[in-house]
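Beneath this line is the structure, given in C-alpha coordinates, with notes to follow.
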Amino acid sequence: MSVESYLQFIAILIIFVLVLGLTYYVTKWLAGYQKEKNSGRNIEVLETGRISTTKYIQIVRLGDKYMAIAVGKDEVTALCELDKESLVFDNSENAGTLSFNEILEKIKK
52 MSVESYLQFI
62 AILIIFVLVL
72 GLTYYVTKWL
82 AGYQKEKNSG
92 RNIEVLETGR
102 ISTTKYIQIV
112 RLGDKYMAIA
122 VGKDEVTALC
132 ELDKESLVFD
142 NSENAGTLSF
152 NEILEKIKK
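Encoded structure:
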(Lines of atoms letter the chains of each structure in order from A and count residues from 1; the text may use other names and numbers.)
(Lines give C-alpha, C1' and ligand atoms only; values in the text may rest on other atoms or scores of the structure.)
Protein backbone atom coordinates (compact mmCIF):
# COMPACT_ATOMS: atom_id res chain seq x y z
CA MET A 1 0.00 0.00 0.00
CA SER A 2 1.17 3.47 -0.77
CA VAL A 3 1.57 6.42 1.54
CA GLU A 4 -1.39 8.07 -0.17
CA SER A 5 -3.68 5.22 0.99
CA TYR A 6 -2.57 5.67 4.58
CA LEU A 7 -3.14 9.43 4.41
CA GLN A 8 -6.66 8.89 3.01
CA PHE A 9 -7.41 6.43 5.82
CA ILE A 10 -6.14 8.88 8.47
CA ALA A 11 -8.19 11.72 6.93
CA ILE A 12 -11.37 9.62 6.92
CA LEU A 13 -10.70 8.51 10.49
CA ILE A 14 -10.29 12.13 11.63
CA ILE A 15 -13.50 13.15 9.84
CA PHE A 16 -15.35 10.24 11.47
CA VAL A 17 -14.16 11.23 14.95
CA LEU A 18 -15.15 14.87 14.34
CA VAL A 19 -18.64 13.88 13.14
CA LEU A 20 -19.03 11.55 16.13
CA GLY A 21 -18.00 14.32 18.55
CA LEU A 22 -20.30 16.83 16.88
CA THR A 23 -23.18 14.36 17.10
CA TYR A 24 -22.53 13.84 20.82
CA TYR A 25 -22.58 17.57 21.61
CA VAL A 26 -25.63 18.31 19.45
CA THR A 27 -27.53 15.44 21.12
CA LYS A 28 -26.55 16.72 24.54
CA TRP A 29 -27.65 20.24 23.63
CA LEU A 30 -31.01 19.02 22.27
CA ALA A 31 -31.67 16.98 25.41
CA GLY A 32 -31.00 20.03 27.57
CA TYR A 33 -33.21 22.19 25.37
CA GLN A 34 -36.11 19.73 25.55
CA LYS A 35 -35.73 19.32 29.31
CA GLU A 36 -35.74 23.10 29.77
CA LYS A 37 -38.74 23.49 27.48
CA ASN A 38 -40.79 20.89 29.38
CA SER A 39 -39.91 22.06 32.88
CA GLY A 40 -42.39 24.02 34.96
CA ARG A 41 -45.44 22.45 33.43
CA ASN A 42 -48.40 20.89 35.21
CA ILE A 43 -48.03 17.50 33.55
CA GLU A 44 -45.22 15.14 34.51
CA VAL A 45 -44.65 11.42 33.94
CA LEU A 46 -43.24 10.10 37.21
CA GLU A 47 -42.75 6.43 36.41
CA THR A 48 -43.38 3.97 33.59
CA GLY A 49 -43.69 0.21 33.83
CA ARG A 50 -43.86 -2.08 30.82
CA ILE A 51 -46.66 -4.65 30.70
CA SER A 52 -45.99 -5.95 27.18
CA THR A 53 -44.20 -4.70 24.07
CA THR A 54 -46.86 -2.07 23.32
CA LYS A 55 -48.57 -1.59 26.71
CA TYR A 56 -47.39 0.41 29.70
CA ILE A 57 -48.64 1.59 33.08
CA GLN A 58 -47.61 5.13 33.95
CA ILE A 59 -47.91 7.21 37.08
CA VAL A 60 -48.46 10.83 36.09
CA ARG A 61 -48.84 14.09 37.97
CA LEU A 62 -51.56 16.39 36.65
CA GLY A 63 -51.40 19.62 38.60
CA ASP A 64 -51.60 18.43 42.22
CA LYS A 65 -53.29 15.10 41.43
CA TYR A 66 -51.56 11.78 40.80
CA MET A 67 -53.05 9.20 38.46
CA ALA A 68 -52.25 5.72 37.19
CA ILE A 69 -52.94 5.32 33.49
CA ALA A 70 -52.64 2.44 31.04
CA VAL A 71 -51.06 3.35 27.71
CA GLY A 72 -51.52 1.13 24.68
CA LYS A 73 -50.68 1.47 21.03
CA ASP A 74 -53.82 3.45 20.19
CA GLU A 75 -55.45 4.21 23.55
CA VAL A 76 -54.92 5.69 27.00
CA THR A 77 -57.11 4.54 29.90
CA ALA A 78 -57.33 6.14 33.35
CA LEU A 79 -56.96 3.41 35.97
CA CYS A 80 -57.26 5.25 39.28
CA GLU A 81 -56.31 8.35 41.23
CA LEU A 82 -53.46 7.90 43.70
CA ASP A 83 -52.68 9.58 47.01
CA LYS A 84 -49.33 11.33 47.18
CA GLU A 85 -48.67 9.58 50.50
CA SER A 86 -48.95 6.14 48.85
CA LEU A 87 -46.19 6.91 46.33
CA VAL A 88 -42.50 6.30 46.97
CA PHE A 89 -40.28 9.04 45.54
CA ASP A 90 -36.57 8.57 44.84
CA ASN A 91 -34.80 11.48 46.52
CA SER A 92 -31.36 10.94 44.99
CA GLU A 93 -30.19 13.85 42.88
CA ASN A 94 -29.01 11.75 39.93
CA ALA A 95 -32.13 9.58 39.67
CA GLY A 96 -32.73 8.82 36.02
CA THR A 97 -29.85 10.96 34.73
CA LEU A 98 -26.82 8.87 33.93
CA SER A 99 -23.91 10.23 31.99
CA PHE A 100 -22.74 8.53 28.80
CA ASN A 101 -19.68 7.22 30.63
CA GLU A 102 -21.81 5.63 33.39
CA ILE A 103 -24.01 3.91 30.81
CA LEU A 104 -20.94 2.69 28.91
CA GLU A 105 -19.42 1.29 32.12
CA LYS A 106 -22.66 -0.61 32.87
CA ILE A 107 -22.61 -2.10 29.37
CA LYS A 108 -18.97 -3.16 29.75
CA LYS A 109 -19.80 -5.08 32.94
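With the working numbering, the residue at position 88 of the sequence shown is 139, and numbering never jumps. Cβ atoms here follow ideal geometry from the backbone N, Cα and C, with glycine treated the same way. Since the model is a prediction, treat every value here as computed from it, not as a measurement.
Between residue 96 and residue 111, the C-beta gap is smaller than 7 Å, which places the two residues in contact.
In this structure, 98 is the residue among 68, 106, 94 and 98 with its C-alpha nearest to the C-alpha of residue 139. Taking the C-beta atoms as reference points, residue 133 is found nearer than 7 Å to residue 117. By DSSP's assignment, residue 74 forms no beta bridge with any residue. Rounded to whole angstroms, the gap between the alpha carbons of residue 156 and residue 149 is 11 Å. Between residue 94 and residue 100, the C-beta gap is not smaller than 7 Å, which leaves the two residues out of contact.
Your pair residue 123 and residue 104 does not check out as a contact, with CB atoms roughly 11 Å apart and the cut at 8 Å.
DSSP places residue 97 inside the beta strand (DSSP E), whose first and last residues are 94-101. Shortest Cα-Cα distance from residue 135 to any of 151, 114 and 72 involves 114.
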